[in-house]
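Per our numbering: the sequence shown = residues 4 to 342.
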Amino acid sequence: MSTTTDSRKSAPRLTRASGLLGDRRLPVLVTATLFIAMYIGGLSRYQAYGFTDPQVFMNLFIDNGYLLVAAVGATFVIMSGGIDLSVGSVIGFTTMLTAWLVEQQGVPVIIVIPIALGVGALGGFLMGYVIHNFEIQPFIVTLAGLFLFRGLCLVISKESISISDPSVGDLAQTQVALPGGSFLSIAAVVSLVVLAIAFYVLHYTRFGRRVYAIGGNEQSALLMGLPMGGTKIAVYTVSGFCSALAGLLFTLYIQSGDPLHATGMELDAIAAVVIGGTLLTGGSGYVIGTLFGVLVLGLIKSIIQFEGTLSSWWTKIATGVLLCAFILIQRVMTTRRQE
């Protein structure tokens with residue numbers, strides 16, 4: 004009798020645990036909790052070194068605004084079940100193109116901006132077109148894009164190009180004042196606007212529902228009559244546009260173009276998306292989770308800087324550990340849903 008009673012009591016507990024593991028919001032909540040715990044830990048450990056200054060928190064957005072924009076674009080692609088390895092190369096090419104046009108050709112910044120965004124969007128469109136119409140794996144096509152755009156950087160110049168144009172300097176130094184004496188840069192504000200637009204598009208528009216549907220089950224989406232080709236091409240176009248925009252923001256941040264800029268940044272963007280809770284297989288995730296993923300990576304860098312005794316390579320080590328942990332969480336969640 005007691006054995007039967009115990010089994011009845013344990014059954015609801017198992018059901019609740021299974022329901023929690025199957026909740027799509029779990030990875031985002033874990034990431035948000037991790038960020039809050041890390042930030043509180045930083046406040047307690049580095050209080051005497053100025054970590055409590057509100058500007059330290061705002062610097063997470065200032066120093067990682069370009070990565071947030073790139074990660075938002077990568078979120079669209081990964082949500083649809085794809086991958087984009089060309090992100091870092093497009094960012095690097097944008098810095099080179101911008102620096103070359105502004106500094107060496109004398110083109111006004113107001114004209115360079117749409118040119119750079121158009122080139123990035125066109126590159127994403129072409130990769131999406133090839134992926135869909137020739138049925139080639141996104142890994143291969145975007146890897147080709149990675150080499151193409153990195154090679155184009157060297158075609159422009161093999162050396163770094165510093166930007167001395169005053170209009171670029173003015174944009175880079177512009178600050179948006181906030182209560183408490185803190186501020187945000189123009190790049191940080193732009194990144195938050197991009198995040199808000201992406202949140203609305205993914206969660207409140209027909210296009211966003213298509214992205215989720217295609218990533219969740221491509222065959223079911225096809226049977227429902229969803230425009231597979233147009234949606235796939237669109238997500239890569241969005242990723243290319245966001246990568247170019249991230250390149251412009253990175254140019255403001257660094258005020259130069261270099262063939263080696265943003266090398267490997269596509270991996271940082273993918274890591275932020277995965278740590279933010281988006282499934283690598285697609286169909287599940289939230290763009291707000293990508294924000295927390297970027298903030299976690301940025302906070303790791305800040306803590307290492309405040310510690311002062313750790314090498315910057317610890318950032319990569321910590322990122323690798325977090326990636327493994329969140330991939331395991333994704334695996335458990337996927338298994339629970341299949342059951």
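Using N, Cα and C, we set each Cβ at its ideal position, and we do this for glycine too.
Query: Reduced DSSP secondary structure (H/G/I, E/B, other) of residue 178; Result: strand
Query: Reduced DSSP category for residue 187 - H, G, I as helix; E, B as strand; rest coil; Result: strand
Query: Exposure of residue 264, with buried meaning 16 or more beta-carbon neighbours within 10 Å; Result: buried
Query: Neighbour-count burial assignment, residue 156, 16 or more Cβ in a 10 Å radius; Result: buried
Query: Inter-residue Cα distance where the pair is residue 78 and residue 140; Result: 18 Å
Query: Residue 259 - partner residues in DSSP beta bridges; Result: 165
Query: N- and C-terminal bounds of the alpha helix (DSSP H) containing residue 67; Result: 57-82
Query: Rounded separation between residue 99 and residue 226 - CA only; Result: 44 Å
Query: Between the CA atoms of residue 172 and residue 334 - distance to the nearest angstrom; Result: 46 Å
Query: 8 Å contact criterion, which residue 291 and residue 31 should meet: CB distance rounded; Result: 7 Å
Query: Residue 142 vs residue 86 beta-carbon contact at 9 Å; Result: yes
Query: Pairwise C-alpha distance: residue 309 and residue 70; Result: 21 Å
Query: Alpha-carbon to alpha-carbon, residue 219 and residue 338; Result: 14 Å
Query: Through-space distance from residue 94 to residue 184, alpha-carbon basis; Result: 32 Å
Query: Alpha-carbon spacing of residue 254 relative to residue 53, whole angstroms; Result: 28 Å
Query: Straight-line Cα distance separating residue 232 from residue 331; Result: 32 Å
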